[in-house]
Structures are given as structure tokens and as C-alpha cells.
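K.L.:
Got a structure for you, written out below as C-alpha cells; questions coming shortly.
Residue numbers (the working numbering): 140 to 378.
Following this line, the structure appears as C-alpha cells:
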């Protein structure tokens, strides 16, 4: 149904080649998922605040103007760069403050990931096209996970592509099908979890987010998933 790949580099000398080494792995899974693709890269760590990956549907979005607004609001924008329709920002502020500001002042942007080192990039199209769009072969880091999607439960959209962010420096990719996702989605909505799609995989991501927000470890949340999620599934979690 879908393809999952992961690469963890034990040799730090290879970190400059992470994207170069990882891209052929992702493309090799094209037959398993030709609808859309995505990947999470862990690298270029920022310890003084939060690193955000933001996406906009408008290809002509003025990222420089947004960076100026962000700097005016916080005065602590350390650096930023644009990658196709994505902006990656390092801000010396608490993650909750920045996300709250984004919700109020940048409704046209989508938060793809937040943390110290994670960058989530994904889109509709063949895996090779998505990899080229975001210059995957040039990316550096210590590890990456990726996903190629063959849609079975929901529409082919960027929002329905994997990975899904599940918390700071956490993400999930999924192969399989959940049978109780509609009921579980309703339960999680009552607990304050926000969903952007009708994708069953997003419910799994929301479930882990909910469990860990209650103070559980990732291992505890995954153990709970074995009890609460029905269907057949393989999860790979990036940390």
C-alpha cells in the first residue's frame, strides 16, 4: 500500500551526505506509493529556541515580508531560509508563544514541524518529484525517515501526505489501514486535538500527541496504541 524508509547515520562524517544517500531509498519505494511523498530530516540543530518548518499553498508567498513580521513581533529571529513553498525559521522563543502568534497572525501558513532539529517536507507527486522540489539530495543531518503514499482511506492532498508531526521533534509515518479512526477522531476532538484531514494516519498521529501531552513517554503512548487502534498498521516514529 505505502512505502516506508529510514536512514540513521552512525558515522558523523557522512552527515553532509544524508540527503544524497537517502533520496534513492525514497525513490525506490515509488511503486509502493506514487500519489505523494514526504520525509523528515533531523539536522542543523538549534538549541536556543524553536525551529519551525512552515508551508504555504501560495507559490508566490512573500517569505521575506513574513520574516520581517516575525522579527517585529518577537525581536529574536535567529535565521531563516526558503525551500520552495516552505520556510524554515529559528526563533529564540518558547514554541508555545510562537505557535500562538502564528495561529492569530498567519492563518495562511501551515506548521509542518517544530522542535530543535526536525524539518518535515512533503507534497503531492511522485517521490522523485517531491525529492527534487525540496532539494533532498543537498540536505544534511544525522537521520531521516520517509514515506511514499498510495491513498486508500482519503484524498490525495499535501495535508494527507506523511510524515505527520506528533510533537516537538517527533513525527509518524504509517503503512496500513485503521478501522476505528472515525470513532477515535471524534474522541480526540473532544480532547482538543485538531485535525486537518479525514486521513486515518492523522488520527494515529493525533492519538500519540494526546497521550504524550498527558505526560506519557513515547513508549507508553505506542503501547496504548496497540490496545486502542483497530486495523493493521506499521508505524515508524522519528525522534
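From the three backbone atoms N, C-alpha and C, an ideal C-beta is built for every residue, glycine too. Note that the structure is predicted; figures quoted are calculated from it, not measured.
1. Per DSSP, what kind of secondary structure is residue 257 in: helix, strand or coil?
2. Figure out for me which residue from 250, 338, 332 and 306 has the closest Cα to the Cα of residue 357.
3. Pick helix, strand or coil for residue 224, following the three-state DSSP scheme.
4. What are the start and end residues of each continuous beta strand (DSSP E) run of 3 or more residues lying completely inside the segment 168 to 210, in chain order?
5. Among 141, 146, 142 and 140, which one has its Cα closest to the Cα of residue 280?
6. Ends of the alpha helix (DSSP H) at residue 166?
7. Return the CA-CA distance between residue 375 and residue 167, expressed in angstroms with no decimal places.
8. Just checking my contact of residue 258 with residue 227 at CB under 8 angstroms: how many whole Å lie between their CB atoms?
9. Excluding five sequence neighbours on each side, which residues of the same chain lie with their C-beta closer than 6 angstroms to the C-beta of residue 349?
10. Check whether the segment 286 to 293 touches the segment 194 to 201, counting contact only when three or more Cβ pairs, one atom from each stretch, lie closer than 8 angstroms.
11. Quick check: what's the CA-CA separation for residue 201 versus residue 209?
12. Mind checking whether residue 241 and residue 230 have CB atoms under 8 angstroms apart?
13. Using a Cβ-Cβ cutoff of less than 8 angstroms, which residues in the same chain neighbour residue 212 once the five nearest sequence positions on both sides are dropped?
14. So what's residue 251 in DSSP terms, helix, strand or just coil?
15. Please determine, among 237, 256, 252 and 352, the residue with the shortest C-alpha to C-alpha distance to residue 282.
16. When burial is assigned at 16 or more other CB atoms within 10 Å of the CB, is residue 163 buried or exposed?
17. Do you know how far the Cα of residue 183 is from the Cα of residue 323?
18. In the DSSP assignment, the alpha helix (DSSP H) including residue 147 goes from what residue to what residue?
P.N.:
Here's the rundown:
1. Strand, per DSSP.
2. With distances taken between Cα atoms, residue 357 lies closest to 306.
3. In the three-state DSSP reduction, residue 224 falls in the coil class, being neither helix nor strand.
4. Counting only runs of at least 3 residues, the segment 168 to 210 fully encloses the following beta strand (DSSP E) elements, listed from N- to C-terminal order: 175 to 181 and 189 to 195.
5. Comparing C-alpha distances from residue 280 to each of 141, 146, 142 and 140 shows the shortest one belongs to 146.
6. Residues 157 to 166.
7. Using only the alpha carbons, I get a separation of about 18 angstroms.
8. Indeed, because the Cβ distance is near 6 angstroms, the residues count as touching under 8 angstroms.
9. Short of 6 angstroms from the beta carbon of residue 349, and not among the five residues preceding or following it, lie these beta carbons of its own chain, in chain order: 327, 330 and 332.
10. The segment 286 to 293 makes no contact with the segment 194 to 201, as fewer than three CB pairs between them are under 8 angstroms.
11. For residue 201 and residue 209, the distance between alpha carbons rounds to 13 angstroms.
12. Contact check for residue 241 against residue 230 fails: the beta carbons are separated by 8 angstroms or more.
13. The residues are 240 and 244.
14. Note: residue 251 maps to strand in three-state DSSP.
15. Comparing Cα positions, the closest option is 256.
16. Looking at its Cβ environment, which holds fewer than 16 other Cβ atoms inside 10 Å, residue 163 is exposed.
17. Straight-line measurement puts the Cα of residue 183 at about 36 angstroms from the Cα of residue 323.
18. Here residue 147 belongs to no alpha helix (DSSP H); instead the beta strand (DSSP E) covers 142 to 147.
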